[in-house]
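Here our numbering is used: the sequence shown runs in plain steps of one and ends on residue 504.
We put the beta carbon where it would ideally sit given N, CA and C, even for glycine.
Some notes on the structure that comes next.
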Amino acid sequence: MTIPQIFLLPRRAALRAFAALTVALVIVGCAGAPADAPQAQTQLSAPKNIIILFADGVASAQWEYGRYSSMVLRQQGFVTTDIVFKQGTLGLASTTPVGAFVTDSAAAGTAMSTGVKVVNGAVAMTADGRPLTTAMEVAKASGKRIGLVTTATVYDATPAAFSIHAKSRTESQNLVDQYLALEPDVLLGGGADYFLPASAAGGKRKDGKDMIAAFRAKGWQVARNSAELRAATGSRLLGLFSDDDMDLEIDRDPVQEPTTADMATAALKALTQNNAKGFVLLVENENTDTAGHANDAAALMRALWAFDDAVKVALDYQRAFPDTLILITGDHETGGFSPTYAQKDLSSLSSSNRFTVGDEHLKMLSRITMSLNKVKEKLGAKPAGAALDDLVTKHFPGFTLDQDLRTLILNNQPLERNAVYLPQNTLARMVARQAGFYWGTSGHTPQPVVIGAMGPGAQLFHGWQDNTDFGQKLHRVILGR
Ligand SMILES: [Zn+2]
24 MTIPQIFLLP
34 RRAALRAFAA
44 LTVALVIVGC
54 AGAPADAPQA
64 QTQLSAPKNI
74 IILFADGVAS
84 AQWEYGRYSS
94 MVLRQQGFVT
104 TDIVFKQGTL
114 GLASTTPVGA
124 FVTDSAAAGT
134 AMSTGVKVVN
144 GAVAMTADGR
154 PLTTAMEVAK
164 ASGKRIGLVT
174 TATVYDATPA
184 AFSIHAKSRT
194 ESQNLVDQYL
204 ALEPDVLLGG
214 GADYFLPASA
224 AGGKRKDGKD
234 MIAAFRAKGW
244 QVARNSAELR
254 AATGSRLLGL
264 FSDDDMDLEI
274 DRDPVQEPTT
284 ADMATAALKA
294 LTQNNAKGFV
304 LLVENENTDT
314 AGHANDAAAL
324 MRALWAFDDA
334 VKVALDYQRA
344 FPDTLILITG
354 DHETGGFSPT
364 YAQKDLSSLS
374 SSNRFTVGDE
384 HLKMLSRITM
394 SLNKVKEKLG
404 AKPAGAALDD
414 LVTKHFPGFT
424 LDQDLRTLIL
434 NNQPLERNAV
444 YLPQNTLARM
454 VARQAGFYWG
464 TSGHTPQPVV
474 IGAMGPGAQL
484 FHGWQDNTDF
494 GQKLHRVILG
504 R
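Set out below in structure tokens:
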């Protein structure tokens, strides 16, 4: 580190130099901003369009896993780290909600959308029921078009907190009703269940309403599978590709469900029409959080690659329309993801009986062909030994289920108090023991999240900040001031 010249001068000369510097700073300060302007406000170059790419449950360990595994297994760069984080502006955000250290997605999404902290579970609403202005409401009021894309249900915590309001994230039917009133130009993801009456296949609404028909009546084009999404040409688009959450990438049926990149492409195609004032688009991959809760390293890897492919779509768009700001972030970390070195077994604690996660272990993960959530679905509530052994042999080649783990699974018992996704977390321990991909918990952690920004206004997101700072800055770039 170099010491500023002023501290090397003799004392009297240093005082003279400091006085001169102070005068110069006052003059610059007066010339640069009106007297009533907040000190921290910098000149903003406002973007016309904003694309927020949101990987739920992802912090630095997951980003590095995406980058490294993509390089080793796909022989492909990972544009999130290699382009946006490397060439753009980088920030880190703390995530604590009101009254806790560890956040959920609703409180984190609310902070990042409204700039205000709330308790866990709340969707852009204070504890006394006061709605907080969301990023999408600001965008709409300023004449911008708005889009929400997710692999979760469209009424899930993140897209909801970026646009609408509820005391609890569980008010699914209420949240869908609010979407019809807000009229997002693009709404893509899962969650057809709360758009359809309980009398219809897959429907859960108690009021008998058909909200898909209601959107169609208002002029929205509707897509229910990948081909319909590809064929859509309208400027307003509702796409619902599953009754609840869309599948993890590792299990996805490409005929029924589009990729995150497919949905981003379709959303941009729709939002680019009639957009004199630009748009704000949120593209969320929720599978990264879902895989984290299950401690599913193989599913997480593929979800991260799917997310990164959507970032490529956004970067291509930015090349064609340079007045576009790209923001990449997550809301919290999920799973305490910790690939590490560990003993091969407990017969000896010497270093010769130790292995470190390496490329051969990544290759073992790449041969896994089913998510741990899908294993749970196949096994049902009372796992049978034969079915379990068969699934492990077929879909987890190269892995052996130790007797202690097998017994826990068949008895529906957890490994630990913080490993409560059964049998996923227990099967994940099989993967950890043999490939080194350990996890700390089946829940969220307070690890700060990474923010990458590229395009007009990006510099605003530089450095250490709170997730509420992100929300306030987002309002500034949407409003252009
Ligand atoms: Zn979560």
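Item                                                                                                                       : Value
Contact test: H498 Cβ vs ligand 1 heavy atom, cutoff 7 Å                                                                   : no
Neighbourhood of V139 by C-beta distance below 8 Å, restricted to the same chain and skipping five residues each side      : T133, T149, L155, T491 and G494
Endpoints, beta strand (DSSP E) assigned at M234                                                                           : Here M234 belongs to no beta strand (DSSP E); instead the alpha helix (DSSP H) covers M234 to A240.
Residues of its chain near G231, where Cβ-Cβ distance is below 6 Å and the 5 sequence neighbours each way are ignored      : P220
Best match in A337, A320 and P437 for proximity to V380 [C-alpha to C-alpha]                                               : A320
H485 CB to nearest heavy atom of ligand 1 below 7 Å                                                                        : no
Cβ shell of G486 (< 7 Å), same chain only, five flanking positions each side left out                                      : G114
Selection from Y364, S389, A224 and L304 that minimises the alpha carbon distance to W328                                  : S389
Sub-8 Å separation of D127 and G353 beta-carbons                                                                           : no
beta-carbon D312 near ligand 1 non-hydrogen atom, thresh 7 Å                                                               : yes
Chain-order list of residues whose beta-carbon lies under 6 Å from that of D312 (same chain, five-residue window excluded) : D79, G80 and T357
Neighbour flag for A333 against chain D, beta carbons, 8 Å                                                                 : Among the chains of the structure shown, chain D does not appear; only one protein chain is present.
Same chain, Cβ closer than 6 Å to Q99, five either side skipped, listed in chain order                                     : S93
Own chain partners of D216 with C-beta closer than 7 Å, once the 5 adjacent residues on each side are dropped              : G225, G226, K227, D266 and D267
Residue(s) in a DSSP beta bridge with N72                                                                                  : T347
S394 to N435 span [Cα, whole Å]                                                                                            : 19 Å
Of the listed residues L323, F344, S373 and N376, nearest to G359 (C-alpha basis)                                          : L323
Beta carbon of V398 nearer than 8 Å to that of L445                                                                        : no
Extent of the continuous beta strand (DSSP E) run through M477                                                             : V472 to M477
Own chain partners of K300 with C-beta closer than 6 Å, once the 5 adjacent residues on each side are dropped              : G166 and K167
Span of the alpha helix (DSSP H), counted from its first residue to its last, around A130                                  : S128 to T137
Inter-residue spacing [alpha-carbon to alpha-carbon] between V161 and T137                                                 : 9 Å
Neighbour-count burial assignment, T430, 16 or more Cβ in a 10 Å radius                                                    : exposed
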